[in-house]
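First to last, the protein sequences are chains L and G. Going left to right, the first sequence walks through residues 282 to 434 as our numbering numbers them. Going left to right, the second sequence walks through residues 33 to 286 as our numbering numbers them. Just so you know, even glycine gets a beta-carbon here, dropped at the ideal spot from N, CA and C.
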Amino acid sequence: MKLLTLNFLTCAIKTCKTNPASFPLHPRDAELEIQEADLNLTFLKNILPRLMWEELRVISSELGLPELPATPPAPADLVEPSNTPLDTAEVTLAEGGAEAQEVEETPSQTAKDLHRILLETCIQEGKLVCGSCGHEYAVKEGVANFLLPGHLV
Amino acid sequence: MAESEAQGADYEAEHVHSVYEEIASHFSSTRYKPWPIVERFLKEQRDGTVGADVGCGNGKYLAVNKRVFIVGSDRSTNLVKIAREHEPHSTVVADNLSLPHPSGVFDFAISIAVIHHLSTPSRRVEAVKCILDLLRPASRSASLDGGKAFIYVWALEQKDSRRGWDEGHEQDVMVPWVLKQKKVKEPKQRKRDGASNEVVAAEGEQKPDGDQTFLRYYHLYKKGELESDIEQAGGAVVESGYEKDNWWAIASLK
Ligand SMILES: [Zn+2]
Chain L
282 MKLLTLNFLT CAIKTCKTNP ASFPLHPRDA ELEIQEADLN LTFLKNILPR
332 LMWEELRVIS SELGLPELPA TPPAPADLVE PSNTPLDTAE VTLAEGGAEA
382 QEVEETPSQT AKDLHRILLE TCIQEGKLVC GSCGHEYAVK EGVANFLLPG
432 HLV
Chain G
33 MAESEAQGAD YEAEHVHSVY EEIASHFSST RYKPWPIVER FLKEQRDGTV
83 GADVGCGNGK YLAVNKRVFI VGSDRSTNLV KIAREHEPHS TVVADNLSLP
133 HPSGVFDFAI SIAVIHHLST PSRRVEAVKC ILDLLRPASR SASLDGGKAF
183 IYVWALEQKD SRRGWDEGHE QDVMVPWVLK QKKVKEPKQR KRDGASNEVV
233 AAEGEQKPDG DQTFLRYYHL YKKGELESDI EQAGGAVVES GYEKDNWWAI
283 ASLK
């Protein structure tokens, strides 16, 4: 399960959701795996305003990953300023004209780091723990399981 | 056959969840074509928005739009394992009445052919409530519309379909899923084709070297019932209609 998912997950127990301590879920005994994926700069820029940055920093540090900057990058930080055109042979053109402009942009190191953490770093095995009730959700073979035992439903 | 009440979680566990877990692979191989109206809804979402697919099954709808990020969930681990192949999205195992998502953060949500598997009126309304709860409220300052949910259920009125149900028929029905037994002859040495990983389930009504029949519970929606469920769940119906044996509605927060 890619770490970006944790930005949209909390405890499945209803009474926990109103407690701020239930977000984010805390990884425990996590085995991480890098699963390489294509970097999509437009996607990264778009997802940026949706990130709960402070919480992601917490998760990232709990997992022993390199520290994220104190403040979230701005969309412009994701683009290499020296806009030397890429090897255009590698660029696949998207349908829209606006998109065609985007593909000229080179992802900055910041973009690459963010992509690596959010979309390529996956929890394969371990637990996700609610900071409110302490319930542990298992992650097995990269799949997090939020089914609750009967008495907690 | 099904009685319309005195059902609930245990009943669904036996007559819905365990069936999908058993038939996951075969079911998935027959579910690849998205319903056009759902496809349209997904393609209309703005780039970079975030959605939830409640009861995502094999992830058929995760393949439609790669410019949004969707967190899919399903009760069947076997289906989730199939669904997770769809990048850039993500999938988890969860119950649609206990969703592991924060409230009010999703731009859109879909729940396709899911809430008709819940076996009491109050559980169906609760399922709609859980979907609505995901949606981002409208923001006046950012002049943003609130999130929208697309819900799709099987219709009672489908007299031209193979099943032939129509107005007046019992709404709580058991629908068979026939798992064709592969003709297993002598194990061949070299033959491996695409169909070779078809599941051969261990349970179900097994006839000697025949097919297995699994029964799934469905509540067939009659005209106006989905809209009524949405209103009872505290939502507003933005648009609704009928598409080939199904009722659908787009809902928002009030
Ligand atoms: Zn909790």
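With 16 or more neighbouring CB atoms inside 10 Å of its own CB, Asp165 (chain G) falls in the buried class. Neighbourhood of ligand 1, defined by CB distance below 6 Å to any of its heavy atoms: L:Cys292, L:Ile294, L:Cys297, L:Ser303, L:Cys411, L:Ser413, L:Cys414, L:His416, in chain order. If you check each beta-carbon in the stretch 75 to 105 of chain G against every beta-carbon of chain L, the ones closer than 9 Å belong to Arg78, Asp79, Gly80, Thr81, Val82, Ala84, Lys98, Arg99, Val100, Phe101, Val103, Ser105. A straight line joining the alpha-carbon of Pro120 (chain G) with that of Asp85 (chain G) spans about 14 Å. Here the alpha carbons of Pro362 (chain L) and Phe427 (chain L) stand approximately 43 Å from one another. Excluding the 5 residues flanking it on each side, Gly266 (chain G) has same chain C-beta neighbours closer than 7 Å at Lys161, Leu164, Lys286, in chain order.
In this structure, the beta-carbon distance from Ala56 (chain G) to Ser108 (chain G) falls below 8 Å. Looking at the DSSP output, Trp209 (chain G) shares a beta bridge with G:Phe246. In this structure, DSSP gives Glu406 (chain L) an extended state, which the three-state scheme calls strand. CA-to-CA, the gap between Val157 (chain G) and Gln39 (chain G) works out to about 15 Å. For Ile328 (chain L), the enclosing alpha helix (DSSP H) covers residues 322 to 328. Interface flag for Val410 (chain L) against chain G is unset, since no Cβ pair is found closer than 8 Å. From the beta-carbon of Thr391 (chain L), no residue of chain G is found nearer than 8 Å; the closest lies around 18 Å away. Residues of the stretch 125 to 141 of chain G with a C-beta less than 8 Å from any C-beta of chain L: Val125, Ala126, Asp127, Leu129, Ser130, Leu131, Pro132, His133, Pro134, Ser135, Val137, Phe138, listed in chain order. Listed in chain order, the alpha helix (DSSP H) runs fully inside the stretch 74 to 156 of chain G are 109 to 115, counting runs of at least 4 residues. Ala293 (chain L) belongs to the set of residues whose beta carbon lies under 8 Å from a beta carbon in chain G. Taking 8 Å as the CB threshold, Ile404 (chain L) stays off the interface with chain G. With respect to chain G, the C-beta atom of Thr286 (chain L) has a partner C-beta closer than 8 Å. In the structure shown, Arg72 (chain G) falls within a helical segment according to DSSP collapsed to helix, strand and coil.
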